[in-house]
Amino acid sequence: MKFLCVDCDEQMAFEERKEPGDGTFGASFTCPRCGHKVAMLANPMETQLVGALGVQIGGRTLDEQPMELTRRSMVGREDAFDDAAPDRPGTVTWSAEGEERLAKVPTFVRGMVKKIYAEWAAERGIREITPAVMDEARTDLGLEGM
Amino acid sequence: MGPVSFRSYREVEGEDRSRLLEQVTAQRERVARRLESVNHVVAVMSGKGGVGKSHVAATLAAGVASQADRRVGVLDADLRSPTVAQLLEARGPLPVTDEGVDPAVGRGGVRVVSTDLLLEEGEPLRWREPSSERFVWRGVLESGALREFLSDVVWGDLDLLMVDLPPGADGSVDLKELVPNMAGALVVTIPSEEARRSVARTMRSALEAGVPLLGIVENMSGYQCDDCGAVRPLFEGTAGADLASEFGVPLIAQVPFTPAGTDAGASAAADLVEAFLGVLP
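The following block contains the structure:
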């Protein structure tokens, strides 16, 4: 999918992904020449159809986690997965507030979400994961509701 | 205001940042890489529910592992009605590592992955919001889950990975797309005419998709008396023989219904395993 600024005949650049938590999806694009912005807004069915393919509009910034689609989409039992693999030395730490928010994520998917946040933060040289970091990562990765 | 003139997708030469096609291609490549260490992928299928397909799959998996000392895995693709994990006494939780998700280990060392290990006890398969228009995306999600069961589970070195498909014609077609070099499918029926009609449709779909049919198992092929050993009819019909004749596929076993825990049952299971190994490429 590409977006074209018709006035400038210039391909628009992907800017931001947004998942407001109501099942819909949005992505904004900007014309690099005139700065004109547009937003693509997808309804829940369109959003789900793309999500169900296990792909991400705007491209993947992190590798897919094991069973990512299943864990994000299925309503599963709390103890289905054992994500107790030890954190690697030198990896990021979690603030108390970050841990508190993470604890609200269903355990079916929590271990995977924790790893995604950690990888996202490590790639950016962020040492500590706080709620603000989680907000930023969530917007960037489309982890709304997690 | 006149018509707006603008370039088409292919005329705009810039990068497609989403790379959706590449993402889908990468998913398929992950399946292929994961299955490089698996010698044979065999589907167990039927057109009709209630014929004992999962029971046959579990019996074969445990039997091949113990009788023939082979490394065996079972992927329960019957996502909505999973039973294989229970039949093979496999339990979760499933450990997650950087390599992927480790399967549970059941009877005979058989490696098992099933939604039975992921769903709350007694709860049906459900997907998260949105709840509207489910029929549109449910199938896509189920195909995605099947793909992940193949690609993201650390199956390891296996001689045989059995895929217990849900009843119906679509399962083998989907599997063939994900695993183009699958060894084939084993077909399970019961003797009745309604089973024959239903299973024939499924076999035709599989053949049209290029799935080799390895053999037919006629399950519940009579009732074996525990006292005298005589086998008496349980259903009217000769579906196994009829399907074998119609499709030119060997009827490898006719498994009688036997009382639980009897020598007759164990003997029938052993015969079934021998017959299956005989048609495995």
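Just so you know, the sequences run in chain order A and B.
In this text, residue positions in the first sequence follow our numbering: the first is 7, and each later residue adds one.
In this text, residue positions in the second sequence follow our numbering: the first is 623, and each later residue adds one.
For each residue, glycine too, the CB sits at the ideal point set by N, CA and C.
A quick note: this is a predicted structure, and the numbers were derived from the prediction, not measured.
Find the residues of chain B that neighbour T76 of chain A, judging by a C-beta separation of less than 7 Å, and give them in chain order. Stepping through the first sequence from its first residue, residue 76 of chain A is reached at position 70. The contacting residues are A767 and E770.
Starting from F628 of chain B, find everything on chain A with Cβ-Cβ shorter than 8 Å and list it in chain order. In the second sequence, residue 628 of chain B corresponds to position 6, counting from 1. For F628 of chain B, the neighbours in chain A by C-beta distance under 8 Å run, in chain order, L10, V12 and D15.
Contact under 9 Å by Cβ, A875 of chain B with L894 of chain B: Translated into positions along the second sequence, residue 875 of chain B becomes position 253. Translated into positions along the second sequence, residue 894 of chain B becomes position 272. Closer than 9 Å, so yes.
Is it buried or exposed, K43 of chain A, if we count other Cβ atoms within 10 angstroms and call 16 or more buried? Here residue 43 of chain A refers to the residue found at position 37 of the first sequence. By the 10 Å Cβ count, K43 of chain A comes out exposed.
Near-chain A residues of the region 679-706 of chain B - C-beta to any C-beta below 7 Å: Residues of the region 679-706 of chain B whose Cβ lies closer than 7 Å to any Cβ of chain A: none.
Secondary structure, alpha helix (DSSP H): runs of 4+ residues fully inside the region 643-688 of chain B: Look at the region 643-688 of chain B and you find no whole run of alpha helix (DSSP H) that is 4 residues long or longer.
Taking the alpha helix (DSSP H) that I122 of chain A belongs to, which residues open and close that run? The residue labelled residue 122 of chain A in the question sits at position 116 within the first sequence. Per DSSP, the continuous alpha helix (DSSP H) segment holding I122 of chain A begins and ends at T113 to E129.
Consider the Cβ of Q708 of chain B: report whether some Cβ of chain A lies at a distance smaller than 9 Å. Along the second sequence, read from residue 1 onward, the residue named residue 708 of chain B stands at position 86. Answer no: the Cβ-Cβ gap between Q708 of chain B and chain A never drops below 9 Å.
Going by beta-carbon coordinates alone, are L75 of chain A and A90 of chain A separated by less than 9 Å? As a working note, residue 75 of chain A is residue 69 in the first sequence. As a working note, residue 90 of chain A is residue 84 in the first sequence. No.
Residues in its own chain within less than 6 Å of L768 of chain B by CB, not counting five upstream and five downstream? As a working note, residue 768 of chain B is residue 146 in the second sequence. Excluding sequence neighbours, L768 of chain B sits near A699.
Short CB-CB distance (under 9 Å) between F31 of chain A and chain B: Taking the first residue of the first sequence as 1, we reach residue 31 of chain A at position 25. With 9 Å as the cut-off, F31 of chain A does not count as an interface residue toward chain B.
Residues that E742 of chain B contacts on chain A, provided the C-beta gap is smaller than 7 Å: What you label residue 742 of chain B is simply residue 120 of the second sequence in a count that begins at 1. Within 7 Å Cβ-Cβ: R83.
Is the region 710-730 of chain B touching the region 775-783 of chain B, taking contact as three or more C-beta pairs under 8 Å? In short, these stretches touch, since the Cβ pair count reaches three.
Looking at A891 of chain B and M667 of chain B, is the spacing between their C-beta atoms short of 9 Å? Translated into the one-based positions of the second sequence, residue 667 of chain B becomes position 45. Translated into the one-based positions of the second sequence, residue 891 of chain B becomes position 269. Contact: no.
Determine the extent of the beta strand (DSSP E) in which G695 of chain B is found, giving its start and end residues. Counting from 1 along the second sequence, the entry for residue 695 of chain B is found at position 73. Looking at the DSSP string, the run of the beta strand (DSSP E) that includes G695 of chain B is V694 to D698.
A852 of chain B to V727 of chain B, Cα distance in whole Å? As a working mapping, residue 852 of chain B is identified with position 230 in the second sequence. As a working mapping, residue 727 of chain B is identified with position 105 in the second sequence. Those two C-alpha atoms are separated by around 37 Å.
Sort B:V809, B:E816 and B:F879 by Cα distance to F869 of chain B and report the nearest one. On the second sequence, position 247 is the one that residue 869 of chain B refers to. With respect to the C-alpha of F869 of chain B, the residue from B:V809, B:E816 and B:F879 having the closest C-alpha is B:V809.
Residues, ordered as in the chain, of the region 813-828 of chain B that lie near chain A by beta-carbon distance below 8 Å: The residues in question: there are none.
Cβ contact check for the region 733-752 of chain B and the region 71-85 of chain A: 3 or more pairs under 8 Å: Counting C-beta pairs closer than 8 Å gives three or more between the region 733-752 of chain B and the region 71-85 of chain A, which meets the contact rule.
Once DSSP output is grouped into helix, strand and coil, what is the label at G840 of chain B? Start at 1 with the first residue of the second sequence, and residue 840 of chain B comes out as number 218. For the sequence presented, residue 840 of chain B should be read as Glu rather than Gly. In the structure shown, E840 of chain B sits in a strand (DSSP, three-state: E or B).
Nearest CA to the CA of A45 of chain A: which residue from A:V56, A:T113, A:T97 and A:L10? Numbered from its first residue, the first sequence carries residue 45 of chain A at position 39. For the residues A:V56, A:T113, A:T97 and A:L10, the minimum Cα distance to A45 of chain A belongs to A:L10.
For F20 of chain A, which of A:G32, A:P50 and A:V12 has the nearest alpha-carbon? For the purposes of this step, residue 20 of chain A is taken as residue 14 along the first sequence, with counting starting at 1. Nearest C-alpha to F20 of chain A: A:G32.
Who are the near neighbours of L772 of chain B in its chain, counting only those whose CB is closer than 8 Å to its CB and skipping five residues on each side? Here residue 772 of chain B is taken as the residue at index 150 of the second sequence, counted from 1. V653, R656, L657, L697, L800 and V801, listed in sequence order.
Option nearest G766 of chain B by Cα separation, candidates B:A831, B:V901 and B:R650: In the second sequence, counting from the first residue as 1, residue 766 of chain B sits at position 144. The option with the nearest alpha carbon to G766 of chain B is B:R650.
With DSSP as the reference, please indicate the residues paired to R23 of chain A in a beta bridge. Taking the first residue of the first sequence as position 1, residue 23 of chain A is located at position 17. Answer by DSSP bridge pairing, in chain order: A:A33.
Look at the alpha carbon of M7 of chain A and the alpha carbon of D28 of chain A, and state the distance between them as a whole number of angstroms. Locating residue 7 of chain A in the first sequence gives position 1, where the first residue counts as 1. Locating residue 28 of chain A in the first sequence gives position 22, where the first residue counts as 1. M7 of chain A and D28 of chain A have their C-alpha atoms roughly 23 Å apart.
Shortest alpha-carbon distance to A863 of chain B belongs to which of B:V901, B:D691, B:V821 and B:E770? Here residue 863 of chain B is taken as the residue at index 241 of the second sequence, counted from 1. The residue with the shortest Cα to Cα distance from A863 of chain B is B:V821.
Using a Cβ cut-off of 9 Å (strictly closer), state whether G793 of chain B contacts chain A. Sequence index remark: in the second sequence, residue 793 of chain B carries index 171 (1-based). No, G793 of chain B lies away from the interface with chain A (no Cβ there is under 9 Å from its Cβ).
Using Cβ-Cβ distances below 7 Å, what residues of the region 634-645 of chain B are close to chain A? Per Cβ criterion, the list reads V634, G636, D638, R639, S640, R641, L642 and Q645.
What residues in its chain sit with their C-beta under 7 Å from that of R78 of chain A, if we drop five residues either side in the sequence? Within the first sequence, residue 78 of chain A is the residue found at index 72, counting from 1. For R78 of chain A, the CB contacts under 7 Å within the same chain, skipping 5 residues up- and downstream, are V115 in chain order.
Is the beta carbon of M804 of chain B less than 9 Å from the beta carbon of V663 of chain B? As a first step, residue 804 of chain B is located in the second sequence; it is residue number 182 there, counting from the start. As a first step, residue 663 of chain B is located in the second sequence; it is residue number 41 there, counting from the start. Against a cut-off of 9 Å, the Cβ pair of V663 of chain B and M804 of chain B comes out as a contact.
Just to confirm, is the Cβ distance from V877 of chain B to G674 of chain B under 9 Å? Residue numbering aside, residue 877 of chain B sits at position 255 when the second sequence is read from its first letter. Residue numbering aside, residue 674 of chain B sits at position 52 when the second sequence is read from its first letter. In terms of Cβ geometry, V877 of chain B and G674 of chain B form a close pair [threshold 9 Å].
For A124 of chain A, which residues from the same chain have a beta carbon less than 8 Å from its beta carbon, with the 5 sequence-adjacent residues on both sides left out? Working through the first sequence from its first residue, we reach residue 124 of chain A at position 118. The answer, listed in chain order, is D93, T97, V98 and I135.
Contact set between V61 of chain A and chain B, taken where Cβ atoms lie within less than 7 Å: Counting from one through the first sequence, the residue named residue 61 of chain A turns up at place 55. Using a Cβ-Cβ cut-off of 7 Å, V61 of chain A is close to L642, Q645 and V646 of chain B, given in chain order.
Hey, how far is the Cα of L147 of chain A from the Cα of S34 of chain A? Reading the first sequence from its first residue, position 141 is the one you call residue 147 of chain A. Reading the first sequence from its first residue, position 28 is the one you call residue 34 of chain A. Looking at the two C-alpha atoms, the distance is approximately 14 Å.
Classification of T647 of chain B by the beta-carbon crowding that lies within 10 angstroms, buried from 16 upward: Numbered from its first residue, the second sequence carries residue 647 of chain B at position 25. Counting the other Cβ atoms within 10 Å of the Cβ of T647 of chain B gives fewer than 16, which makes it exposed.
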